[in-house]
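One structure is given here, and the rest of the page talks about it.
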Amino acid sequence: MSEVGRTLTDSNRLAYSGRADAPAVTSARARRWGWWFYAEHFLRSSKAYAWSILGYSVGQPLLYFLSLGLGLGSLVDQGVGTVDGVPYLTFVGPAILVSTVVMGASGEMTYPVMGGFKWQRLYYAPISAPVSPAQVATGHFVAVMIRFVLQATVIWLMLLAFGATTSPWSWLTIPVGVLAAGAFGAPLQAYAATLLDEGAQFAFVQRFIVMPMFLFAGTFFPLSAMPAWLQWIGWVSPIWHGTQLARLVSYGAAVPGWLAAVHVAYLGGLLALGVVLSRRRYERRLIA
Amino acid sequence: MAIVIGPVIVARGLRKTYDDVVAVDDIDFEVAPGESFGLLGPNGAGKSTTMRMIGGTSTRTSGLLTVAGLDPATHGPEVRAHLGVVPQQDNLDEELSVTDNLVVYGRYFGLPHAYLRPKAAELLEFAQLTEKAKEKVTKLSGGMKRRLTIARALINEPRVLLLDEPTTGLDPQARHILWDRLFRLKEEGVTLIVTTHFMDEAEQLCDRLIVVDRGRIMAEGSPQALIRQYSTREVLELRFGSDRNAEVLSQLADLGDRQEVLPDRILLYAADGEALLDEVTRRGLHPVTSLVRRSSLEDVFLRLTGRSLVE
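Chains A and B are the protein sequences, given in the same order. Position one of the first sequence corresponds to residue 1 (my numbering), numbered consecutively onward. Position one of the second sequence corresponds to residue 1001 (my numbering), numbered consecutively onward.
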């Protein structure tokens, strides 16, 4: 009837309409799925950048394919014939897929982590709801991995389009690329979570860790072509382990079974270690 | 949900230390359902730390604390499922729209979209943000962001709302709009727990409050009872110019129940401020400005600690 009366009725309904699930229900759900709730938020925010993400995930590998595969590749193929027994584009294609997603991790696991703790303080919202800090860590990681699945799929389709793959198992380059990105991204996330200042260290990581890991990791030429004293970089680089696995599934590169197992174990181990460390780190930092 | 008959929050000997700094020093309080309870004190008094311990996002060093009968240290998610939390610093997702901010927050409780969409619209109505529903948060003013944060805290229909410095940084008009909204919630029986260093905010919103300083409780009671207990009915504020205040004081020493000298003014406490002002004038003293007002919680704080709330 009167304006005041109506507003009061509305706001009465507002405080407890009884439509919301009870605390016991919501907390049980959050205990189980809190990590996914944060991943949902992260992915929804990513939508705002959908075009630039798409541009990055398609544009950059496309440039590599064109310049390395067609430009450098034609030179290599005319000169030495093949690399690792296949045309250069076939050799370098899986490496482009793996290194693109791994290098994507160096962006997604640095500044956004700093943003969560410090700039936008996004991590403080879920922990004032029933989500735990460890779940926030996992949610961030999972959301980034989901984006990498999409990105790796796009690059795999490019491999197909360029005829740079010969095996029916080449789709396995997608999980391999994501595994390698996780092996690098999870420990990096744990490290980023320890930083309190403005993240000047991230430029250092980019220049002195990511770039050598990319350039000296058998990406453009077999690791064995490098002097032995530089080969250790490949052995520690998730990009090399991932690239070798990707070559195995993409064109049947000669990777012995035991070595393939080492690649998987190394990548899986780093990923698991990184996830455990970041979960612990987030708990310590967000609950003080 | 079962109706909580006992206190919503019980704190006994609650203590928090960081390294060797004591943030919260052995405090006791209880909050009854439906009550508006305030923690009034200056910055660094330990109010925010207490709030975070209630929500289980800060661990206590010792003492006992229960929220809805649960220990937040071991049952953080269960405790926070009962609460709506409005933090001191906004942590809205500025890249998302106003509505999406409510929805993603509701998802943290696992609430389904079928519930969240209409609920978000209702809450935006309540927060007077309906026209901004599709805008990005970056487009909102400080007061609007604060109201959005309060709307967000209500998404799970909590019975208890924690508000940490809800109006700090807002202009007077924005503060009054916010108080009005909070008053509505109070009328509906939502338990409000408010920290503030504004005495007018504490007087507006709180049925009962504790005055805290350096981690300790200095006094407890309703705003009126505290004023009655620790101050006089009226206060006469006199300004003689900052260099003269101290020297004039000697000529006023016998006036009123009590005097306080602040850097910019002298406060004289008495039941009748006007009569006191007449006496000051009769003694041939001519302050630059004079003001008679009612005692406030500011005076209570000054009496208890010898310092102002806002420094």
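Ideal Cβ placement from N, Cα and C applies to all residues, glycine included.
Any chain B beta carbon closer than 7 Å to residue i
i: Ala-43 of chain A; result: The sequence shown places Leu at residue 43 of chain A, rather than the Ala named in the question. Not an interface residue.
i: Ser-289 of chain A; result: The structure shown does not extend to residue 289 of chain A, since chain A is modelled only from 1 through 288, so no value can be given for it.
i: Arg-19 of chain A; result: yes
i: Tyr-56 of chain A; result: no
i: Tyr-111 of chain A; result: no
i: Arg-121 of chain A; result: yes
i: Ala-15 of chain A; result: yes
i: Pro-23 of chain A; result: yes
i: Ile-287 of chain A; result: yes
Beta strand (DSSP E) segment containing residue i, residue limits
i: Val-1292 of chain B; result: 1289 to 1294
i: Thr-1196 of chain B; result: 1191 to 1196
i: Ser-1141 of chain B; result: Counting along the chain, Ser-1141 of chain B falls outside any beta strand (DSSP E), and DSSP gives it neither H nor E.
i: Tyr-124 of chain A; result: Here Tyr-124 of chain A belongs to no beta strand (DSSP E), and DSSP marks it neither H nor E.
i: Val-131 of chain A; result: Counting along the chain, Val-131 of chain A falls outside any beta strand (DSSP E), and DSSP gives it neither H nor E.
i: Ala-1011 of chain B; result: 1009 to 1018
i: Thr-1168 of chain B; result: Taken as a continuous stretch (DSSP letters only), Thr-1168 of chain B belongs to no beta strand (DSSP E), as it is neither H nor E.
Test: residue i CB closer than 7 Å to a CB of chain A
i: Glu-1260 of chain B; result: no
i: Ala-1032 of chain B; result: no
i: Val-1010 of chain B; result: no
i: Pro-1077 of chain B; result: yes
i: Thr-1050 of chain B; result: no
i: Tyr-1108 of chain B; result: yes
i: Asp-1071 of chain B; result: no
i: Gly-1057 of chain B; result: For the sequence presented, residue 1057 of chain B should be read as Thr rather than Gly. It does; some Cβ of chain A falls within 7 Å.
i: Asp-1093 of chain B; result: yes
i: His-1176 of chain B; result: no
i: Glu-1298 of chain B; result: no
i: Lys-1016 of chain B; result: no
i: Asn-1156 of chain B; result: yes
i: Thr-1168 of chain B; result: no
i: Arg-1080 of chain B; result: yes
i: Tyr-955 of chain B; result: The requested residue 955 of chain B does not occur in the structure, where chain B is confined to residues 1001 to 1311.
i: Glu-1188 of chain B; result: yes
Beta-carbon contacts of residue i that lie in its chain and below 6 Å, excluding the five residues immediately before and after
i: Ser-99 of chain A; result: Phe-214, Thr-219, Ile-239
i: Leu-271 of chain A; result: Gly-182, Ala-183, Ala-186
i: Lys-1016 of chain B; result: Ala-1023, Val-1024, Thr-1049, Arg-1060, Thr-1061
i: Val-144 of chain A; result: Glu-108
i: Ala-95 of chain A; result: Thr-219, Thr-243
i: Arg-279 of chain A; result: Ala-134, Ala-137
i: Val-255 of chain A; result: Gln-244, Leu-248
Alpha carbon of residue i to alpha carbon of residue j, nearest angstrom
i: Ile-1009 of chain B; j: Ser-1058 of chain B; result: 16 Å
i: Thr-26 of chain A; j: Ile-1150 of chain B; result: 19 Å
i: Gly-1256 of chain B; j: Thr-1167 of chain B; result: 34 Å
i: Leu-75 of chain A; j: Trp-235 of chain A; result: 28 Å
i: Pro-61 of chain A; j: Val-101 of chain A; result: 10 Å
i: Ser-291 of chain A; j: Val-136 of chain A; result: The structure shown does not extend to residue 291 of chain A, since chain A is modelled only from 1 to 288, so the question has no answer here.
i: Glu-283 of chain A; j: Gly-116 of chain A; result: 13 Å
i: Arg-1282 of chain B; j: Asp-1299 of chain B; result: 26 Å
i: His-1075 of chain B; j: Ala-217 of chain A; result: 47 Å
i: Gly-1055 of chain B; j: Trp-35 of chain A; result: 19 Å
i: Ala-1127 of chain B; j: Thr-1195 of chain B; result: 20 Å
i: Tyr-266 of chain A; j: His-241 of chain A; result: 8 Å
i: Ala-1174 of chain B; j: Ala-161 of chain A; result: 58 Å
First and last residue of the uninterrupted alpha helix (DSSP H) at residue i
i: Asp-1026 of chain B; result: Where Asp-1026 of chain B is concerned, there is no enclosing alpha helix (DSSP H), although the beta strand (DSSP E) it sits in stretches over 1021 to 1031.
i: Lys-1047 of chain B; result: 1047 to 1054
i: Val-275 of chain A; result: 257 to 286
i: Leu-68 of chain A; result: That residue, Leu-68 of chain A, is in no alpha helix (DSSP H); it is neither H nor E in DSSP.
i: Thr-1099 of chain B; result: 1098 to 1107
i: Leu-1297 of chain B; result: 1297 to 1305
i: Arg-1228 of chain B; result: 1223 to 1230
i: Ala-39 of chain A; result: 23 to 46
Own chain, CB closer than 7 Å to residue i, minus 5 neighbours either side, in chain order
i: Leu-1285 of chain B; result: Val-1248, Gln-1251
i: Thr-1289 of chain B; result: Arg-1239
i: Leu-43 of chain A; result: Ala-143, Ile-146
i: Gln-206 of chain A; result: Ser-106
i: Glu-1279 of chain B; result: Leu-1255
Chain-order list of residues whose beta-carbon lies under 8 Å from that of residue i (same chain, five-residue window excluded)
i: Asp-1090 of chain B; result: Lys-1145, Arg-1146, Thr-1149
i: Arg-281 of chain A; result: Ala-137, Ala-190, Ala-193, Thr-194
i: Leu-188 of chain A; result: Ala-105, Ser-106, Met-109, Thr-110, Val-205, Gly-274
Open item on the list: Residues of the segment 26 to 43 of chain A in Cβ contact with chain B at a cutoff of 8 Å, in chain order, please.
Closed with: Residues passing the 8 Å Cβ filter: Thr-26, Ser-27, Arg-29, Ala-30, Arg-31, Trp-33, Gly-34, Phe-37, Tyr-38, Glu-40, His-41.
- [ ] Please list the residues of the segment 123 to 146 of chain A that have a C-beta atom closer than 7 Å to any C-beta atom in chain B, keeping them in chain order.
- [x] Result list: Tyr-124, Ala-125, Pro-126, Ile-127, Ser-128, Ala-129, Pro-130, Val-131, Ser-132.
- [ ] May I ask you to list, following chain order, the residues of the segment 1228 to 1240 of chain B that have a beta carbon less than 7 Å from some beta carbon of chain A?
- [x] Under the 7 Å Cβ criterion, the segment 1228 to 1240 of chain B contributes no residue.
Open item on the list: Counting only Cβ-Cβ distances shorter than 9 Å, please list the residues of the segment 226 to 242 of chain A near chain B, keeping chain order.
Closed with: Answer in chain order: no residues at all.
- [ ] Can you give me, in chain order, the residues of the segment 192 to 219 of chain A that have a beta carbon less than 9 Å from any beta carbon in chain B?
- [x] Answer set for the segment 192 to 219 of chain A: empty.
Task: chain A contacts from the segment 1242 to 1272 of chain B (Cβ-Cβ distance under 7 Å) - done: Flagged: no residues at all.
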